[in-house]
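Colleague: Protein chains in written order, with this note's numbering: chain A, 798 to 1047; chain B, 798 to 1047.
There are 2 protein chains.
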Amino acid sequence: MHPLDATRALMEGLGSESSICMKCGSRSVGLCAPLDAAALDDMSGESERLAFDQRDAIFRQGDAARHVYTLTEGMARLTRVLPDGRQAVIGFRFAGDILGFTPEAEHAFGAEMLTRGTVCRLDRRRLEQMFRRYPVMERRFLDLCVKELSASQDHILALGRFSAEERVAAFLVSLAEAQERRGHVGPVFDLPTTRADIGEFLGLTLETVSRAVSSFRKRGWIRLHGHSGIELSDRNALACLAAGEGADAA
Amino acid sequence: MHPLDATRALMEGLGSESSICMKCGSRSVGLCAPLDAAALDDMSGESERLAFDQRDAIFRQGDAARHVYTLTEGMARLTRVLPDGRQAVIGFRFAGDILGFTPEAEHAFGAEMLTRGTVCRLDRRRLEQMFRRYPVMERRFLDLCVKELSASQDHILALGRFSAEERVAAFLVSLAEAQERRGHVGPVFDLPTTRADIGEFLGLTLETVSRAVSSFRKRGWIRLHGHSGIELSDRNALACLAAGEGADAA
DNA sequence: CGGCACTTTGATCGTGGTCAATAAGTGTGG
DNA sequence: CCACACTTATTGACCACGATCAAAGTGCCG
Chain A
798 MHPLDATRAL MEGLGSESSI CMKCGSRSVG LCAPLDAAAL DDMSGESERL
848 AFDQRDAIFR QGDAARHVYT LTEGMARLTR VLPDGRQAVI GFRFAGDILG
898 FTPEAEHAFG AEMLTRGTVC RLDRRRLEQM FRRYPVMERR FLDLCVKELS
948 ASQDHILALG RFSAEERVAA FLVSLAEAQE RRGHVGPVFD LPTTRADIGE
998 FLGLTLETVS RAVSSFRKRG WIRLHGHSGI ELSDRNALAC LAAGEGADAA
Chain B
798 MHPLDATRAL MEGLGSESSI CMKCGSRSVG LCAPLDAAAL DDMSGESERL
848 AFDQRDAIFR QGDAARHVYT LTEGMARLTR VLPDGRQAVI GFRFAGDILG
898 FTPEAEHAFG AEMLTRGTVC RLDRRRLEQM FRRYPVMERR FLDLCVKELS
948 ASQDHILALG RFSAEERVAA FLVSLAEAQE RRGHVGPVFD LPTTRADIGE
998 FLGLTLETVS RAVSSFRKRG WIRLHGHSGI ELSDRNALAC LAAGEGADAA
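1) Just confirm the distance between the C-beta atoms of Ala873/A and Leu896/A, as a whole number of angstroms; I'd bet it's less than 8 Å.
2) Measure the CB-CB distance between Asp987/A and Gly1026/A and report whether it falls below 8 Å.
3) For the structure I just gave you, are there three or more beta carbon pairs, one from the stretch 928-946 of chain B and one from the stretch 907-914 of chain B, closer than 8 Å?
4) Using the Cα positions of Met798/B and Glu903/A, report the straight-line distance between them to the nearest angstrom.
5) What residues of chain B sit near Leu924/A, judged by a beta carbon separation below 7 Å?
6) List, in order along the chain, the chain B residues whose C-beta lies closer than 8 Å to that of Val943/A?
7) Is His952/A closer than 8 Å to Ile953/B when the C-beta atoms are compared?
8) Of all Cβ atoms in chain B, is any one closer than 8 Å to the Cβ of Leu938/A?
9) Closest to Leu875/B by CA distance: which of Thr869/B, Ala854/B, Ala861/B is it?
10) Where do the ends of the beta strand (DSSP E) carrying Val965/A lie?
11) Using Cβ-Cβ distances below 7 Å, what residues of the stretch 875-889 of chain A are close to chain B?
12) Helix, strand or coil for Arg863/B per DSSP?
13) What span of residues does the beta strand (DSSP E) with Arg846/B cover, start to end?
14) Report the rounded CA-to-CA distance for Leu1021/B versus Glu1028/B, giving the unit in angstroms.
15) Please check the pair Arg1032/A and Phe891/A, which I expect to be a contact at CB under 8 Å, by giving their CB distance rounded to whole angstroms.
16) What is the C-beta distance between Phe856/B and Ile887/B, in whole angstroms, given that I count them as a contact (C-beta under 8 Å)?
17) If contact means a Cβ-Cβ distance below 7 Å, which residues of the stretch 945-959 of chain A contact chain B?
18) List the DSSP bridge partners of Gly907/B.
19) Return yes when the Cβ of Glu963/B is within less than 8 Å of the Cβ of Leu879/B, no when it is not.
20) Less than 8 Å between the CB atoms is what I'm expecting for Asp850/B and Leu868/B, so what's the real figure, rounded?
21) Expressed to the nearest angstrom, what Euclidean distance is found between the alpha-carbon atoms of Ser947/A and Val933/A?
22) Report buried or exposed for His1024/A, applying the criterion of at least 16 other Cβ atoms within 10 angstroms of its Cβ.
23) Anything in chain A within Cβ reach of Glu935/B, meaning under 8 Å, just list it in chain order.
24) Between Glu1004/A and Ser960/A, what straight-line distance do the alpha-carbon atoms span, to the nearest angstrom?
25) Please report the Cβ distance between Glu845/B and Arg936/B, rounded to the nearest whole angstrom; I am assuming they are in contact, meaning their Cβ atoms lie under 8 Å.
26) Rounded to the nearest angstrom, what separates Val970/A and Glu843/B at their Cα positions?
27) Shorter than 8 Å from the beta carbon of Gly1000/A to some beta carbon of chain B?
28) At least one CB of chain A closer than 8 Å to the CB of Phe968/B: is that the case?
29) Could you give the DSSP three-state label for Asp894/B: helix, strand or coil?
30) For Ile995/B and Val1006/B, which I take to be in contact (beta-carbon distance under 8 Å), what is that distance rounded to the nearest angstrom?
31) Please state whether the Cβ-Cβ distance between Glu997/A and Ala885/A is less than 8 Å.
32) Hey, does Ala1009/A have any beta-carbon neighbour from chain B nearer than 8 Å?
33) Is DSSP giving Gln858/A helix, strand or coil here?
34) Select from the stretch 1011-1037 of chain B all residues with a C-beta closer than 9 Å to any C-beta belonging to chain A, and list them in chain order.
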């Protein structure tokens, strides 16, 4: 395994760049790629497009899982809460990702927008129909699901074994890679998450995240541009830290 | 969500009590339940039974993923290693569980026996054939996979938000529930893991696990029987601690 | 009985959490 | 355009949980 695979997968989720929405933008590859025109036609017309503001909930933990969503614009976070109020961010999702797919009756986590954006919503029963009609689609869901499982396990490894700075470095590198995979160019990336969000994702407090970021800045590894821009000036240094240093600094 | 759902799922993995092995014991329910006799016949005869000693590797991280396994006797741990040598136990598996199913070319984690036991091995291409012939089986894999994903997310929450004692309590309760789900009766459970294994699963050192266990013992919550027997004398206390205390001590 | 692996317990240290004050952005209305 | 309120970020001081280092203790197998 390449040293960065763990961190690379850290933020990737179910269906990166795999929209299930036919009419909502050009990213409709992945899941639907194996379908023919008739199948696409079959499915489109059923999905609704919804607009959300920053901090709006797309769905909440415990809601009846009646729909499956495709994030078409913006960035969202997935959160899970404990009965005593403690909560954790279990992942972030970007344009093109699928949200809220589950065979269970209720959503096991909530999804909230970090930016304003749009979402496409497909009735779950409709998706089940599609599965019956086009089994290849179901297989793609299975593959994506196993991939996400693998990413979760990497996150488990990070939470259990990485120091605070290693986790923050891994997060920043993953964020950059996720944006590049979606066509971003240039050294300045978007960081729409608050320190608190990052902390809840990494199992740290917002102060610790802030200290790590400051430390990277003082070392010249990153530069902040405004309130939601971040430049990775020494990405290799971050990547090494994220992967467990001494291993193989390629 | 019930307060214990998180901890309950903590140790459950892909295919609890869902053997894919036809000739290896009576637990062949779950995955194959929807198949008819002809289908079962179709698949049996292809699987091989293998015996392992304690600490033997069933497969290693990075191995070509040529087979899918069903653990038929004993208990195993799944481990993932970082290039710098740090490793984490990402889960435990019991009799009836499925191991090593992945659409990838290589296993993303290794599996080792904690006890001596037996495993049934099915060629992966054979399984793919089965999927094509009996699509309902593929759907069951998808469902199990989503369940496991949910369990991983609970573990993420535990690692990120639980204190050392909470994690150990959650582990013990989950262990007991996993054994009960497999037919175990009585207050004394099997604890075939070393303190180091538990620590690597929970992101703690073996000393911290030992201290938590001692502390529970002194409080009268548990009692140790020999080297691998544990009695949960005050399970409710453990469960409360595991779920985040004050919530709802039913 | 000795050897070995695992566990327990203690003492000390350090990372990261907590509490608190200040600073820097961001958005709104005058 | 600036003043003000508000949110988010930074930095510092202190503290606690759990890691680390070290030494006995326990049970198991040859």
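The C-beta atom is built at its ideal place from N, Cα and C for all residues, glycine as well.
Modeller: Result, derived from the coordinates:
1) On the first sequence, position 76 is the one that residue 873/A refers to. On the first sequence, position 99 is the one that residue 896/A refers to. The pair is a contact, with the Cβ atoms about 7 Å apart (cut-off 8 Å).
2) As a position in the first sequence, residue 987/A is number 190, starting the count at 1. As a position in the first sequence, residue 1026/A is number 229, starting the count at 1. In contact: Asp987/A and Gly1026/A (Cβ atoms closer than 8 Å).
3) no
4) Taking the second sequence and counting its residues from 1, the one referred to as residue 798/B is at position 1. Taking the first sequence and counting its residues from 1, the one referred to as residue 903/A is at position 106. Reliability fails at Met798/B, whose pLDDT of 41 lies under 50, so the model's placement of it is uncertain and the value that follows must be treated cautiously. If I take the Cα positions, the gap works out to 10 Å.
5) As a position in the first sequence, residue 924/A is number 127, starting the count at 1. Residues of chain B passing the Cβ test: none, with the nearest at roughly 12 Å.
6) If you number the first sequence from 1, residue 943/A lands on position 146. Within 8 Å Cβ-Cβ: Phe898, Thr899, Pro900, Glu901, Cys942.
7) Along the second sequence, read from residue 1 onward, the residue named residue 953/B stands at position 156. Along the first sequence, read from residue 1 onward, the residue named residue 952/A stands at position 155. Yes, they are a contact pair.
8) Within the first sequence, the letter at position 141 stands for residue 938/A. For the record, residue 938/A in the displayed sequence is Phe; it is not Leu. It does: the Cβ of Phe938/A has a partner Cβ on chain B nearer than 8 Å.
9) Residue numbering aside, residue 875/B sits at position 78 when the second sequence is read from its first letter. Taking only the C-alpha atoms, the option nearest Leu875/B is Ala854/B.
10) Sequence index remark: in the first sequence, residue 965/A carries index 168 (1-based). Counting along the chain, no beta strand (DSSP E) covers Val965/A; the unbroken alpha helix (DSSP H) around it starts and ends at 961-978.
11) Arg877, Leu879, Pro880, Asp881, Arg883, Ala885, Ile887
12) Against the second sequence, residue 863/B aligns to sequence position 66. Three-state result, Arg863/B: coil.
13) The residue labelled residue 846/B in the question sits at position 49 within the second sequence. Element bounds for Arg846/B: 845-849.
14) Stepping through the second sequence from its first residue, residue 1021/B is reached at position 224. Stepping through the second sequence from its first residue, residue 1028/B is reached at position 231. The straight-line gap from Cα to Cα measures roughly 6 Å.
15) In the first sequence, residue 1032/A corresponds to position 235, counting from 1. In the first sequence, residue 891/A corresponds to position 94, counting from 1. Not really, about 19 Å apart at Cβ, beyond 8 Å.
16) Mapped onto the second sequence, residue 856/B falls at position 59. Mapped onto the second sequence, residue 887/B falls at position 90. Not really, about 14 Å apart at Cβ, beyond 8 Å.
17) Glu945, Leu946, Ser947, Ser949, Gln950, His952, Ile953, Leu954, Leu956, Gly957, Arg958
18) Stepping through the second sequence from its first residue, residue 907/B is reached at position 110. Partner residues in the beta bridge of Gly907/B, as assigned by DSSP, are Thr876/B.
19) Numbered from 1 along the second sequence, position 82 holds the residue referred to as residue 879/B. Numbered from 1 along the second sequence, position 166 holds the residue referred to as residue 963/B. The answer is no: Cβ separation not under 8 Å.
20) Here residue 850/B corresponds to residue number 53 of the second sequence, with the count starting at 1. Here residue 868/B corresponds to residue number 71 of the second sequence, with the count starting at 1. In this structure Asp850/B is not in contact with Leu868/B, their Cβ atoms being roughly 14 Å apart against a cut-off of 8 Å.
21) As a position in the first sequence, residue 947/A is number 150, starting the count at 1. As a position in the first sequence, residue 933/A is number 136, starting the count at 1. Spanning the two alpha carbons is a distance of roughly 21 Å.
22) Within the first sequence, residue 1024/A is the residue found at index 227, counting from 1. The residue is exposed, with fewer than 16 neighbouring Cβ atoms inside 10 Å.
23) Along the second sequence, one-based indexing puts residue 935/B at 138. Under the 8 Å cutoff, chain A gives Pro932, Glu935, Arg936, Leu939.
24) As a working mapping, residue 1004/A is identified with position 207 in the first sequence. As a working mapping, residue 960/A is identified with position 163 in the first sequence. Distance between the alpha carbons of Glu1004/A and Ser960/A is about 15 Å.
25) Here residue 845/B refers to the residue found at position 48 when the second sequence is read from its first residue. Here residue 936/B refers to the residue found at position 139 when the second sequence is read from its first residue. Contact flag wrong, Cβ pair sits at about 26 Å.
26) By one-based count along the first sequence, residue 970/A stands at place 173. By one-based count along the second sequence, residue 843/B stands at place 46. Spanning the two alpha carbons is a distance of roughly 45 Å.
27) The residue you call residue 1000/A lines up with position 203 of the first sequence. At least one C-beta of chain B is nearer than 8 Å to the C-beta of Gly1000/A.
28) Here the question's residue 968/B lines up with position 171 in the second sequence. Not one chain A Cβ lies under 8 Å of Phe968/B.
29) Here residue 894/B refers to the residue found at position 97 of the second sequence. Looking at Asp894/B - three-state DSSP - the assignment turns out to be coil, as it is neither helix nor strand.
30) Indexing the second sequence from 1 puts residue 995/B at position 198. Indexing the second sequence from 1 puts residue 1006/B at position 209. Indeed they touch by this definition, with Cβ atoms about 5 Å apart.
31) Within the first sequence, residue 997/A is the residue found at index 200, counting from 1. Within the first sequence, residue 885/A is the residue found at index 88, counting from 1. Yes, Cβ-Cβ distance for Glu997/A and Ala885/A is below 8 Å.
32) Here residue 1009/A corresponds to residue number 212 of the first sequence, with the count starting at 1. Not closer than 8 Å to any Cβ of chain B, the Cβ of Ala1009/A fails to qualify, so no.
33) Stepping through the first sequence from its first residue, residue 858/A is reached at position 61. Gln858/A falls in the coil class under three-state DSSP.
34) none
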